[in-house]
Amino acid sequence: MRISILAVLCVGLSGCSVPSHVAAAHTHLWTENPPHNVWSYLPVTSIAIGGAATLTNGFLSAPLHSGETVLLGNGASVSFDGTALSVDGRIVPTNVINVVIAPDGSLQENAFIRTFE
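Just so you know, we're using my numbering here: the sequence shown kicks off at 13 and counts up by one.
Structure (C-alpha coordinates):
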(Lines of atoms letter the chains of each structure in order from A and count residues from 1; the text may use other names and numbers.)
(Lines give C-alpha, C1' and ligand atoms only; values in the text may rest on other atoms or scores of the structure.)
Protein backbone atom coordinates (compact mmCIF):
# COMPACT_ATOMS: atom_id res chain seq x y z
CA MET A 1 0.00 0.00 0.00
CA ARG A 2 1.36 3.34 -1.03
CA ILE A 3 0.80 6.36 1.21
CA SER A 4 1.39 9.76 -0.26
CA ILE A 5 3.46 12.37 1.52
CA LEU A 6 0.51 14.73 1.31
CA ALA A 7 -1.74 12.30 3.18
CA VAL A 8 0.83 11.85 5.96
CA LEU A 9 1.30 15.59 6.19
CA CYS A 10 -2.45 16.21 6.41
CA VAL A 11 -2.94 13.59 9.12
CA GLY A 12 0.11 14.85 11.01
CA LEU A 13 -1.10 18.42 11.02
CA SER A 14 -4.75 17.72 11.75
CA GLY A 15 -4.17 17.62 15.50
CA CYS A 16 -2.27 20.90 15.51
CA SER A 17 -3.80 24.28 15.74
CA VAL A 18 -2.11 27.56 15.10
CA PRO A 19 -3.42 30.28 17.36
CA SER A 20 -4.40 33.39 15.44
CA HIS A 21 -3.45 36.80 16.73
CA VAL A 22 -6.35 38.80 18.06
CA ALA A 23 -5.61 42.34 19.23
CA ALA A 24 -7.34 43.59 22.36
CA ALA A 25 -9.88 46.36 21.92
CA HIS A 26 -8.06 49.48 20.78
CA THR A 27 -8.36 52.83 19.06
CA HIS A 28 -6.66 53.44 15.70
CA LEU A 29 -6.72 56.88 14.11
CA TRP A 30 -4.85 57.82 10.96
CA THR A 31 -4.08 60.64 8.58
CA GLU A 32 -3.20 60.17 4.94
CA ASN A 33 -1.10 63.22 4.14
CA PRO A 34 1.22 63.23 5.95
CA PRO A 35 0.79 59.54 6.79
CA HIS A 36 0.44 58.91 10.52
CA ASN A 37 -1.15 56.16 12.62
CA VAL A 38 -2.16 56.79 16.24
CA TRP A 39 -2.77 53.70 18.35
CA SER A 40 -4.07 53.34 21.91
CA TYR A 41 -5.80 50.84 24.16
CA LEU A 42 -7.89 53.78 25.40
CA PRO A 43 -11.46 54.38 24.24
CA VAL A 44 -12.59 57.59 22.58
CA THR A 45 -14.76 59.84 24.77
CA SER A 46 -15.51 62.61 22.27
CA ILE A 47 -14.88 63.77 18.72
CA ALA A 48 -14.86 67.50 17.96
CA ILE A 49 -15.18 68.92 14.46
CA GLY A 50 -14.81 72.67 14.24
CA GLY A 51 -15.60 73.12 17.93
CA ALA A 52 -18.80 71.03 18.00
CA ALA A 53 -18.17 67.91 20.09
CA THR A 54 -19.96 64.59 19.84
CA LEU A 55 -19.76 62.47 22.98
CA THR A 56 -19.01 58.82 22.58
CA ASN A 57 -17.58 56.02 24.67
CA GLY A 58 -15.89 53.27 22.76
CA PHE A 59 -13.03 52.23 20.58
CA LEU A 60 -12.68 53.78 17.17
CA SER A 61 -10.86 52.91 13.97
CA ALA A 62 -11.21 55.83 11.60
CA PRO A 63 -9.37 58.47 9.60
CA LEU A 64 -8.68 61.78 11.30
CA HIS A 65 -9.71 64.68 9.05
CA SER A 66 -8.55 68.28 9.03
CA GLY A 67 -10.08 70.21 11.92
CA GLU A 68 -10.94 67.13 14.00
CA THR A 69 -9.91 66.55 17.60
CA VAL A 70 -10.44 63.23 19.33
CA LEU A 71 -10.40 62.98 23.12
CA LEU A 72 -9.29 59.66 24.64
CA GLY A 73 -10.34 58.09 27.92
CA ASN A 74 -7.34 59.44 29.83
CA GLY A 75 -7.95 63.00 28.63
CA ALA A 76 -5.30 62.93 25.89
CA SER A 77 -6.30 64.86 22.77
CA VAL A 78 -5.36 63.94 19.21
CA SER A 79 -5.75 66.74 16.67
CA PHE A 80 -5.11 67.19 12.97
CA ASP A 81 -5.09 70.63 11.35
CA GLY A 82 -4.65 69.38 7.79
CA THR A 83 -0.86 69.57 7.85
CA ALA A 84 0.28 68.51 11.33
CA LEU A 85 -0.84 65.83 13.77
CA SER A 86 -0.56 66.68 17.45
CA VAL A 87 -1.07 64.75 20.66
CA ASP A 88 -1.78 66.95 23.68
CA GLY A 89 -0.38 69.89 21.75
CA ARG A 90 2.87 68.09 20.88
CA ILE A 91 3.46 67.91 17.12
CA VAL A 92 4.22 64.42 15.82
CA PRO A 93 7.24 64.67 13.48
CA THR A 94 6.39 64.00 9.83
CA ASN A 95 9.00 61.21 9.67
CA VAL A 96 7.21 59.27 12.44
CA ILE A 97 4.53 57.04 10.93
CA ASN A 98 3.24 55.23 14.05
CA VAL A 99 2.72 56.41 17.63
CA VAL A 100 1.15 54.72 20.65
CA ILE A 101 -0.54 56.71 23.38
CA ALA A 102 -0.14 54.89 26.70
CA PRO A 103 -2.78 55.04 29.45
CA ASP A 104 -0.58 57.52 31.36
CA GLY A 105 -0.57 59.83 28.32
CA SER A 106 3.02 59.18 27.32
CA LEU A 107 3.72 58.98 23.61
CA GLN A 108 5.83 56.19 22.15
CA GLU A 109 7.07 56.96 18.66
CA ASN A 110 7.64 54.27 16.02
CA ALA A 111 5.38 51.78 17.81
CA PHE A 112 2.00 50.28 16.93
CA ILE A 113 -0.57 47.77 18.14
CA ARG A 114 -0.20 44.53 16.21
CA THR A 115 -3.49 43.74 14.48
CA PHE A 116 -2.30 41.20 11.93
CA GLU A 117 -1.16 37.60 11.97
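Ideal Cβ positions, reconstructed from N, Cα and C, are used throughout, including at glycine.
Rounded to whole angstroms, the separation of the alpha carbons of Gly63 and His48 is 23 angstroms.
Taking a contact as a CB-CB distance under 8 angstroms, the pair Glu44 and Pro75 counts as one, their CB atoms being some 7 angstroms apart.
Fully enclosed beta strand (DSSP E) runs of no fewer than 3 residues occupy 47-52, 56-61, 64-70 of the segment 40-70, in order along the chain. Ile59 is classed as buried because its beta carbon has at least 16 other beta carbons within 10 Å across all chains shown. For a cut-off of 8 angstroms, the C-beta gap from Thr57 to Leu67 is around 7 angstroms, short enough to register as a contact.
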